[in-house]
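Structure first, then comments.
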Amino acid sequence: MASDAAAVHSNSYETYLDYKGKHKGIFAWILSTDHKRIGILYMVALLSWFLVGMALGGLIRLELLTPGRTIVGPQTYNAFFTLHGVIMLFIFVIPGIPAVFGNFFLPIMIGAEDVAFPRINLLSWYLYIIGGILIILAIFLPGGAPDTGWTFYIPYSIRTSTNMIITLTAVFLLGFSSILTGLNFITTIHRLRAPGMDWFKMPLFSWALYATGWIQVIVTPIIGITLLLVIIERVFGVGIFDPALGGDPILFQHLFWIYSHPAVYIMAVPAMGVISEIIPTFSRRTIFGYKFIAYSSLAIALFGSLVWAHHMFAVGMSDSAEFIFSLLTFMVAIPSAIKVFNWTATLYKGSIQLDPPMLYSLAFIFLFSIGGLTGIIQGALSVDIHLTDTYFIVGHIHYVVFGTAGFGIFAALHYWLPKMIGKIYNMKTAKVAFWITFIGFNILYFPFFIMGWLGMPRRSYDYLPEYQVYHVISTVGSWIMISGILLMFYNLLKSVYTGKRVTERNLWGGETLEWTVPTPPPLTNFEKLPDVTVGPYEYKQNDIEVEEVK
Amino acid sequence: MIAQASNFVNETDTTFFIIVAVCVFFLLLITISMVVFVIKYSRKRNTKPVNIHGSTALEITWTVIPTMIALGMFWLGWVGYKDLSRPPKDSMIVDVTAQMWRWNFKYANGVQTDTLYVPLNKDVEVRLHSLDVDHSFYVPAFRVKKDCIPTRTNIAWFRAEEVGTYQVFCAEYCGLNHSYMYSAVKVLPEYDFNMWLAGKAQKTTVANTGSGSVKTSHIVTNSGN
Numbered sequence: 002m003a004s005d006a007a008a009v010h011s012n013s014y015e016t017y018l019d020y021k022g023k024h025k026g027i028f029a030w031i032l033s034t035d036h037k038r039i040g041i042l043y044m045v046a047l048l049s050w051f052l053v054g055m056a057l058g059g060l061i062r063l064e065l066l067t068p069g070r071t072i073v074g075p076q077t078y079n080a081f082f083t084l085h086g087v088i089m090l091f092i093f094v095i096p097g098i099p100a101v102f103g104n105f106f107l108p109i110m111i112g113a114e115d116v117a118f119p120r121i122n123l124l125s126w127y128l129y130i131i132g133g134i135l136i137i138l139a140i141f142l143p144g145g146a147p148d149t150g151w152t153f154y155i156p157y158s159i160r161t162s163t164n165m166i167i168t169l170t171a172v173f174l175l176g177f178s179s180i181l182t183g184l185n186f187i188t189t190i191h192r193l194r195a196p197g198m199d200w201f202k203m204p205l206f207s208w209a210l211y212a213t214g215w216i217q218v219i220v221t222p223i224i225g226i227t228l229l230l231v232i233i234e235r236v237f238g239v240g241i242f243d244p245a246l247g248g249d250p251i252l253f254q255h256l257f258w259i260y261s262h263p264a265v266y267i268m269a270v271p272a273m274g275v276i277s278e279i280i281p282t283f284s285r286r287t288i289f290g291y292k293f294i295a296y297s298s299l300a301i302a303l304f305g306s307l308v309w310a311h312h313m314f315a316v317g318m319s320d321s322a323e324f325i326f327s328l329l330t331f332m333v334a335i336p337s338a339i340k341v342f343n344w345t346a347t348l349y350k351g352s353i354q355l356d357p358p359m360l361y362s363l364a365f366i367f368l369f370s371i372g373g374l375t376g377i378i379q380g381a382l383s384v385d386i387h388l389t390d391t392y393f394i395v396g397h398i399h400y401v402v403f404g405t406a407g408f409g410i411f412a413a414l415h416y417w418l419p420k421m422i423g424k425i426y427n428m429k430t431a432k433v434a435f436w437i438t439f440i441g442f443n444i445l446y447f448p449f450f451i452m453g454w455l456g457m458p459r460r461s462y463d464y465l466p467e468y469q470v471y472h473v474i475s476t477v478g479s480w481i482m483i484s485g486i487l488l489m490f491y492n493l494l495k496s497v498y499t500g501k502r503v504t505e506r507n508l509w510g511g512e513t514l515e516w517t518v519p520t521p522p523p524l525t526n527f528e529k530l531p532d533v534t535v536g537p538y539e540y541k542q543n544d545i546e547v548e549e550v551k
Numbered sequence: 132m133i134a135q136a137s138n139f140v141n142e143t144d145t146t147f148f149i150i151v152a153v154c155v156f157f158l159l160l161i162t163i164s165m166v167v168f169v170i171k172y173s174r175k176r177n178t179k180p181v182n183i184h185g186s187t188a189l190e191i192t193w194t195v196i197p198t199m200i201a202l203g204m205f206w207l208g209w210v211g212y213k214d215l216s217r218p219p220k221d222s223m224i225v226d227v228t229a230q231m232w233r234w235n236f237k238y239a240n241g242v243q244t245d246t247l248y249v250p251l252n253k254d255v256e257v258r259l260h261s262l263d264v265d266h267s268f269y270v271p272a273f274r275v276k277k278d279c280i281p282t283r284t285n286i287a288w289f290r291a292e293e294v295g296t297y298q299v300f301c302a303e304y305c306g307l308n309h310s311y312m313y314s315a316v317k318v319l320p321e322y323d324f325n326m327w328l329a330g331k332a333q334k335t336t337v338a339n340t341g342s343g344s345v346k347t348s349h350i351v352t353n354s355g356n
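From first to last, the protein sequence lines stand for chains A and B.
Residues 2 to 551 (the numbering used here) are what the first sequence spells out, left to right.
Residues 132 to 356 (the numbering used here) are what the second sequence spells out, left to right.
Spelled out as structure tokens, the structure:
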């Protein structure tokens with residue numbers, strides 16, 4: 002799709018879209034080690050998978066419209082929510098922002114020509130694609146789609162006859178893709194910053210990717226080895242986790258969450274980075290508390306790796322474990338709160354323009370606040386005992402994961418896609434799509450909190466009639482939200498083909514380096530490598546104007 | 132609204148609503164600030180932005196105050212949980228066995244049922260077992276939940292404080308009929324409960340078809356599938 006866009010550019014320089022290497026057609030893309038092309042490859046794959054995940058989510062909501070059977074039986078329903086979780090988490094939001102926008106913009110933002118290991122970067126994309134193909138195989142091969150939930154809890158994942166081994170292998174490969182991307186970004190940030198680009202002149206998006214990179218590299222191997230052990234257990238009957246073979250099922254839960262809790266931050270921290278770019282740009286002023294936002298990303302990466310067992314408060318741990326994990330859970334809220342306060346303060350005395358990227362960013366702050374605060378509610382031990390494994394947690398996970406990583410991706414798409422392809426979408430349509438999506442989101446997910454408080458267990462195919470009113474509201478919300486998202490996708494896709502051409506370098510008035518290069522960016526990013534002397538959000542003209550007023 | 136039928140309800144609900152109130156306060160604070168700033172400093176009204184790089188005093192304020200509030204909320208949750216996790220010594224013991232997809236409740240005298248009967252205002256300790264995969268014993272009306280893990284015995288307890296019938300759910304996903312794995316807990320006055328238990332004990336040697344001998348209760352066959 003993007004290669005069509007390439008043909009019409011007749012700039013004086015060679016854009017990365019025009020570049021003719023030794024390969025032709027699709028091979029010029031899938032064999033390219035250019036970080037920008039790899040970013041586009043990821044974008045096409047990720048958004049396609051998102052549509053699949055969204056369709057599954059829509060089917061789940063449709064099934065829950067009435068108690069008992071609405072459209073499918075329980076086995077299909079269980080496969081639906083398993084695949085919805087696996088696709089949305091492992092294939093969409095975990096690669097998400099780093100794979101698409103990190104790849105495309107990180108080198109440009111720190112003044113580099115590419116990432117540190119361009120070939121490994123392409124290898125990550127192939128691992129990602131193979132992981133996706135395996136998931137497709139797991140759905141359609143005999144044995145049937147996995148039905149364990151995305152958490153693969155043992156002993157059920159040992160007992161089920163569905164295609165577990167393929168699914169686990171897929172997640173294993175996706176994990177390696179993630180590790181390699183993280184490794185690449187850490188190295189790039191350490192080694193390839195332009196002259197003068199010291200750590201505290203880096204845009205906050207790079208800081209976010211740096212913190213994320215460390216989480217990916219440190220915790221992803223744990224899920225890799227854990228899933229490998231499950232495969233060994235299933236194939237060779239070695240007792241590791243399965244109590245029937247003398248294993249310990251709780252051990253699996255610990256190892257799973259040692260990865261999967263920090264994974265929430267792999268999704269959320271890059272989105273926070275995106276928001277930290279967009280808010281100053283559309284407020285036309287310097288960001289409030291740069292260092293506090295940068296350091297809080299690192300604090301989240303650190304604390305976030307130490308709270309995993311708060312997913313297991315009802316599992317029967319020792320009192321001291323419950324005490325410590327609950328305490329740390331409350332502490333991890335603090336760096337997130339610091340970010341929210343600093344973003345809000347950045348609006349103060351700005352000159353705010355509500356263009357689509359800004360709308361998504363403000364929605365992000367609102368949804369992330371609800372997601373974070375409902376996390377606090379569940380951090381309290383006695384309350385969590387009541388709420389865990391109910392719809393409350395399902396509401397929380399959707400506000401946190403979709404409200405931050407999802408809305409972060411939508412914000413980034415509206416912010417950076419015009420820069421990437423040199424064409425812009427229809428502003429009015431984008432705003433309409435935003436409001437439909439945002440309103441639908443809240444109608445869809447907010448009732449989950451009420452249902453959860455009333456005791457509705459999660460992952461339930463059927464439910465008692467007393468919960469139906471909330472399910473109906475929620476399902477109607479899903480129709481509204483899906484309409485909004487489809488309108489947004491239509492608008493963005495249309496811009497790729499028939500969007501208005503943009504050639505100006507700085508579309509929104511941003512101060513980071515990607516806005517100093519031509520649109521779309523040249524093959525090697527910079528006409529000449531920048532020499533950085535000021536921080537990322539200085540907005541010098543504001544200070545000059547103020548002095549003139551005096 | 133959700134039924135309130137055990138000794139834990141007051142404390143858990145109070146903790147919940149205190150934390151919810153704090154959360155609503157912060158959510159409103161953030162949202163109202165955002166909306167006010169967006170309106171007041173819109174590009175139409177304010178064409179001249181001002182650079183403010185930050186304020187250490189503010190950063191300290193909005194780190195320290197939320198930390199203190201968070202510690203307070205943590206403490207409330209911990210205190211409530213401590214009570215939940217320690218059954219009193221003289222509790223009545225019921226063995227709860229979960230399996231795909233039904234519940235079995237076994238009393239000290241050997242009586243087994245698929246609906247849980249408990250006496251009013253008496254401490255009941257449930258010992259949770261599983262025969263196959265992970266399940267979770269959940270009584271929303273009591274605010275009690277604990278996982279049933281194979282080869283382990285988890286313990287939970289409660290003191291029912293309202294006569295009535297309440298849902299028992301399986302809260303841990305356990306396969307095909309997970310959503311049908313529910314039962315009920317029936318809270319009877321102590322005398323009625325003892326009568327029921329004695330009546331059941333006599334009948335255990337005969338076919339276990341339910342009990343009509345006690346007026347205040349009859350067994351509903353409420354097994355999972």
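Ideal Cβ positions, reconstructed from N, Cα and C, are used throughout, including at glycine.
Just checking: is the beta-carbon of residue i within a distance shorter than 9 angstroms of some beta-carbon in chain B?
i, result
"Pro-537(A)", "no"
"Asn-543(A)", "yes"
"Arg-62(A)", "no"
"Ala-113(A)", "no"
"Ala-315(A)", "yes"
"Asp-148(A)", "yes"
"Thr-345(A)", "yes"
"Ala-454(A)", "Just to set this straight, residue 454(A) is Trp in the shown sequence, not Ala. Yes, because at least one Cβ of chain B sits closer than 9 angstroms to the Cβ of Trp-454(A)."
"Pro-522(A)", "no"
"Phe-293(A)", "yes"
List, in chain order, every chain B residue whose beta-carbon is nearer than 8 angstroms to that of residue i.
i, result
"Ala-331(A)", "Inspection of the sequence shows that residue 331(A) is occupied by Phe rather than by Ala. Neighbours of Phe-331(A) on chain B, chain order: Ala-201, Leu-202, Met-204 and Phe-205."
"Gln-76(A)", "Leu-307"
"Thr-389(A)", "Lys-276 and Ala-302"
Please confirm if residue i has its CB atom under 9 angstroms from at least one CB of chain A.
i, result
"Gln-298(B)", "yes"
"Arg-258(B)", "no"
"Pro-218(B)", "no"
"Asn-285(B)", "yes"
"Ala-188(B)", "no"
"Ile-133(B)", "yes"
Under the rule that 16 or more other beta-carbon atoms within 10 Å means buried, what is residue i, buried or exposed?
i, result
"Ile-371(A)", "buried"
"Ser-261(B)", "buried"
"Val-316(A)", "buried"
"Ala-434(A)", "buried"
"Trp-436(A)", "exposed"
"Met-428(A)", "exposed"
"Ile-226(A)", "exposed"
"Val-220(A)", "buried"
Going along chain B, which residues have a C-beta under 9 angstroms from residue i?
i, result
"Thr-86(A)", "First, the residue type needs correcting, since residue 86(A) is Gly and not Thr in the sequence shown. Result: empty, since nearest Cβ-Cβ is about 11 angstroms, beyond 9 angstroms."
Can you pull the chain A residues whose beta carbon is under 8 angstroms from the beta carbon of residue i, in chain order?
i, result
"Gly-208(B)", "Ser-327, Gly-380, Ala-381, Leu-382, Ser-383, Val-384 and Asp-385"
"Val-169(B)", "Leu-348, Ile-353, Leu-355 and Leu-363"
"Asp-263(B)", "Pro-156 and Arg-160"
Run down chain B in chain order and give the residues with a C-beta less than 7 angstroms from the C-beta of residue i.
i, result
"Arg-460(A)", "Tyr-304 and His-309"
"Val-289(A)", "First, the residue type needs correcting, since residue 289(A) is Phe and not Val in the sequence shown. Per Cβ cutoff of 7 angstroms: Ile-183 and Gly-185."
"Arg-285(A)", "Pro-180"
List the residues of chain A whose Cβ lies closer than 9 angstroms to the Cβ of residue i, in chain order.
i, result
"Pro-197(B)", "Ala-334, Ile-335, Ala-338, Ile-339 and Phe-342"
Strictly under 9 angstroms for the Cβ-Cβ distance: is residue i near chain D by that measure?
i, result
"Asn-79(A)", "Absent from the structure: chain D. Protein chains present are A and B."
Would you say the beta carbon of residue i comes nearer than 8 angstroms to a heavy atom of the ligand ADP?
i, result
"Ile-226(A)", "As far as ligands go, the structure on display features none, and thus does not contain the ligand ADP."
Ordered list of beta strand (DSSP E) runs contained in the stretch 390-446 of chain A, each at least 3 residues: The stretch 390-446 of chain A contains no whole beta strand (DSSP E) run of 3 or more residues.
Could you tell me whether the stretch 184-192 of chain A touches the stretch 262-277 of chain A, using the rule of 3 or more Cβ pairs below 8 angstroms? Judged by Cβ distances under 8 angstroms, the stretch 184-192 of chain A makes no contact with the stretch 262-277 of chain A, as fewer than three pairs qualify.
Taking one C-beta from the stretch 402-411 of chain A and one from the stretch 170-187 of chain B each time, how about it: are there three or more such pairs within less than 8 angstroms? Contact check between the stretch 402-411 of chain A and the stretch 170-187 of chain B: fewer than three CB pairs, one atom from each, fall below 8 angstroms, which does not count as touching.
Below 8 angstroms, can you find three or more Cβ-Cβ pairs linking the stretch 74-82 of chain A to the stretch 300-315 of chain B? Verdict: yes, contact present.
Would you be able to state if there are at least three C-beta pairs under 8 angstroms between the stretch 250-257 of chain A and the stretch 485-493 of chain A? Taking 8 angstroms as the limit for Cβ pairs, the verdict is that the stretch 250-257 of chain A does not touch the stretch 485-493 of chain A.
Unbroken alpha helix (DSSP H) runs of length 4 or more, entirely within the stretch 359-385 of chain A: which are they? Fully enclosed alpha helix (DSSP H) runs of no fewer than 4 residues are not present anywhere in the stretch 359-385 of chain A.
Can you check the stretch 291-317 of chain A for any alpha helix (DSSP H) of at least 4 residues that lies completely inside it and give the ranges in chain order? DSSP runs (the alpha helix (DSSP H)) wholly in the stretch 291-317 of chain A: 291-305.
Three Cβ pairs or more, each shorter than 8 angstroms: is that satisfied between the stretch 84-98 of chain A and the stretch 150-165 of chain A? Counting Cβ pairs under 8 angstroms, three or more are found: they touch.
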